[in-house]
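Q:
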Amino acid sequence: GENVEQHPSTLSVQEGDSAVIKCTYSDSASNYFPWYKQELGKGPQLIIDIRSNVGEKKDQRIAVTLNKTAKHFSLHITETQPEDSAVYFCAASTGFNKFYFGSGTKLNVKP
Amino acid sequence: DAMVIQNPRYQVTQFGKPVTLSCSQTLNHNVMYWYQQKSSQAPKLLFHYYDKDFNNEADTPDNFQSRRPNTSFCFLDIRSPGLGDAAMYLCATSPGSQTETQYFGPGTRLLVL
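Those protein sequences? They're chains B and Z, same order as listed.
Our numbering applies: residue 17 is where the first sequence begins, and numbers increase by one.
Our numbering applies: residue -11 is where the second sequence begins, and numbers increase by one.
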């Protein structure tokens, strides 16, 4: 089955700096890659996603890049703010309603 | 505007006492999922329904069961909770075609005494 690895497990940045979280996947059939933000005591919320026919997608301060050849995808947050502090999960899907999650990155944005 | 609703948000049960968690959705999605999430870990898929078709993950213990009486509602039954079942239980939905977005509920935090 699919295996998704996520790094780093924790990331601490200064407010205004950029943050990058990286994920690799093993199954070349994976074709959908969502990113979720989970705040303490809440369910994950989708923040951005990318499909395998696209190399990059941007939504305001958040961007995701996908390298299908290398089987990795990354989340980029620019101009970080304290409210960006949360746990971020990447995931990969080969379809058929199966999602494989990375182990999570705890992002701390220091004011 | 609530799309995926979970009740209760917090549930305390006793060791071995059956407990039911509920999930409802206003999105009219075909697929409903149940995940277990322990502290500082990724969500782990327990099972999902595609419409009325039940799909169990191979490593989901028999202690966990699910019911989906209609499109809107899905229940997670834990027949004999153990201390190791204390976790956050997340419900999610998706429209049902391949590679579609999942929408998560707020979760139910289960405590087993």
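Think of the CB as a built atom: it goes at the ideal place given N, C-alpha and C, for glycine as much as any other residue.
Just to make sure I have the definition right: I need the residues of chain Z whose C-beta is within less than 8 Å of the C-beta of Gly118 (chain B). Which are they?
A: In chain order: Ala30.
Q: How far does the beta strand (DSSP E) with Ser12 (chain Z) in it extend, from its first residue to its last?
A: Its beta strand (DSSP E) spans residues Val7 to Gln13.
Q: Are Leu64 (chain Z) and Phe52 (chain Z) touching if we call contact CB-CB under 9 Å?
A: yes
Q: In the DSSP assignment, what are the bridge partners of Phe112 (chain B)?
A: DSSP, once it has assigned bridges, lists no residue as partnering Phe112 (chain B).
Q: According to DSSP, simplified to helix, strand and coil, what is Asp33 (chain B)?
A: Collapsing the DSSP output to three states places Asp33 (chain B) in coil.
Q: Any idea which residues DSSP pairs Arg97 (chain Z) with across the strands?
A: Z:Tyr(-2) and Z:Met76
Q: So which of B:Glu72, B:Val125 and B:Thr121 has the shortest CA-CA distance to Gln22 (chain B)?
A: Gln22 (chain B) has its Cα closest to that of B:Thr121, out of B:Glu72, B:Val125 and B:Thr121.
Q: Measure the CB-CB distance between Cys106 (chain B) and Pro50 (chain B) and report whether it falls below 9 Å.
A: yes
Q: Does Thr89 (chain Z) come within less than 9 Å of chain B when only Cβ atoms are used?
A: yes
Q: Would a check of beta-carbon distances place Ala80 (chain Z) closer than 9 Å to chain B?
A: Chain B, which has a Cβ nearer than 9 Å to the Cβ of Ala80 (chain Z), makes this yes.
Q: Pick helix, strand or coil for Leu27 (chain B), following the three-state DSSP scheme.
A: strand
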